[in-house]
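A short write-up of the structure that comes next.
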Amino acid sequence: MKNDKLIVAKKRFNSRLIVGTGKYKSMSECAKAIELSGAEIVTVAVRRVNISDKKRPLLMDYIDPTKITYLPNTAGCFNSEEALRTLRLAREIGGWKLVKLEVLGDKKNLFPDMIETLKSTEVLTKEGFKVMVYCSDDPLMAKRLEEVGACAIMPLAAPIGSGLGIQNTTNIKIIRSQTTLPLIIDAGLGQASDAAIAMELGCDGVLANTAIAKAKEPFQMALAFKNGVIAGRQSFLAGRIEKSIYGSPSSPITGII
Numbered sequence: 032m033k034n035d036k037l038i039v040a041k042k043r044f045n046s047r048l049i050v051g052t053g054k055y056k057s058m059s060e061c062a063k064a065i066e067l068s069g070a071e072i073v074t075v076a077v078r079r080v081n082i083s084d085k086k087r088p089l090l091m092d093y094i095d096p097t098k099i100t101y102l103p104n105t106a107g108c109f110n111s112e113e114a115l116r117t118l119r120l121a122r123e124i125g126g127w128k129l130v131k132l133e134v135l136g137d138k139k140n141l142f143p144d145m146i147e148t149l150k151s152t153e154v155l156t157k158e159g160f161k162v163m164v165y166c167s168d169d170p171l172m173a174k175r176l177e178e179v180g181a182c183a184i185m186p187l188a189a190p191i192g193s194g195l196g197i198q199n200t201t202n203i204k205i206i207r208s209q210t211t212l213p214l215i216i217d218a219g220l221g222q223a224s225d226a227a228i229a230m231e232l233g234c235d236g237v238l239a240n241t242a243i244a245k246a247k248e249p250f251q252m253a254l255a256f257k258n259g260v261i262a263g264r265q266s267f268l269a270g271r272i273e274k275s276i277y278g279s280p281s282s283p284i285t286g287i288i
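Take any residue in the sequence shown, note its place counting from 1, add 31, and you have its number in our numbering.
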């Protein structure tokens with residue numbers, strides 16, 4: 032496991048867990064949870080982050096961007112124009128080119144609008160952005176995103192914040208089989224075992240926000256997700272046994288007394 036790194040846009044990370052920075056009770060709670068999770072990438076909603084009001088807490092005062100990779104995202108954007116403007120602003124503010132694209136279709140279900148997402152991905156990659164894309168778990172759309180230049184595919188497990196866990200393992204397996212890009216489960220996880228399942232399916236990482244921030248004990252859940260990701264990855268690399276409808280004795284059946 033020592034040399035088993037997550038590689039995104041040629042950058043290497045020890046942790047395969049990405050953590051969001053929203054929904055925590057305070058900035059200090061957020062920072063502590065991230066520290067305990069071991070995450071080296073955190074998502075930052077550009078449209079919602081405070082960047083100028085010194086009277087309000089600044090994220091950078093709690094999470095050092097020289098030690099943790101900030102991943103600006105377009106949370107709250109509902110069309111391509113909003114998403115493009117938001118990420119161009121992020122580039123101007125902090126020089127960020129590694130970004131997470133998220134274009135939502137409606138305010139109730141928060142599913143991605145894949146037409147707008149695909150269009151935005153194509154524009155951003157041509158402008159030199161390295162785009163990690165939140166998307167549906169549709170293998171055909173995932174392939175299209177790869178073809179227009181996405182640097183990572185991030186299909187939902189279930190609706191954002193739902194905690195339902197992975198609802199369609201078959202599609203995730205298909206997406207895994209057809210891409211060499213980093214495959215990171217994004218949205219809908221509820222507990223550490225969900226993260227372990229994602230990793231056992233061959234995913235390269237998971238992103239968790241609500242599951243940690245809204246847990247009864249966020250710090251404990253942050254640790255649980257850290258361990259769940261590690262265990263799931265180890266299990267995947269170890270190679271599970273073949274499934275069988277019949278039993279197989281653990282002890283030899285020859286030479287018995």
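Ideal Cβ placement from N, Cα and C applies to all residues, glycine included.
Below 8 angstroms between beta carbons: does that hold for residue i and residue j?
i, j, result
"T201", "E177", "no"
"E133", "N104", "yes"
"A239", "V50", "yes"
"A229", "I261", "no"
"V130", "L102", "yes"
"I184", "V164", "yes"
"F109", "L149", "no"
"S151", "A106", "no"
Can you grab the Cα-Cα spacing for the pair residue i / residue j, in whole Å?
i, j, result
"K41", "A227", "25 angstroms"
"L187", "Q222", "15 angstroms"
"I191", "C182", "21 angstroms"
"N45", "L37", "6 angstroms"
"G126", "K161", "12 angstroms"
"T100", "Y55", "19 angstroms"
"E158", "Y277", "56 angstroms"
"G236", "S279", "33 angstroms"
"L171", "I205", "10 angstroms"
"E306", "R43", "Outside the displayed span of the chain (32 to 288) sits residue 306, for which this structure offers no information."
"S275", "I65", "40 angstroms"
"K139", "D169", "20 angstroms"
"N199", "G270", "21 angstroms"
Based on the DSSP secondary-structure assignment, which residues constitute the bridge partners of residue i?
i, result
"M185", "Y165"
"D217", "L238"
"V50", "V73 and A239"
"Y101", "V73"
If I'm right that residue i touches residue j with Cβ under 8 angstroms, what's the distance once you round it to whole angstroms?
i, j, result
"G219", "S193", "5 angstroms"
"F250", "L67", "5 angstroms"
Any Cβ of chain D within less than 8 angstroms of the Cβ of residue i?
i, result
"A226", "Absence of chain D from the displayed structure is noted, only one protein chain being present."
Check your understanding: Can we say the segment 254-263 touches the segment 202-217, given the rule of at least three CB pairs closer than 8 angstroms?
Key -> no
Point to revise | Segment contact flag, the segment 56-72 with the segment 84-97, C-beta cutoff 8 angstroms, min 3 pairs | key: yes
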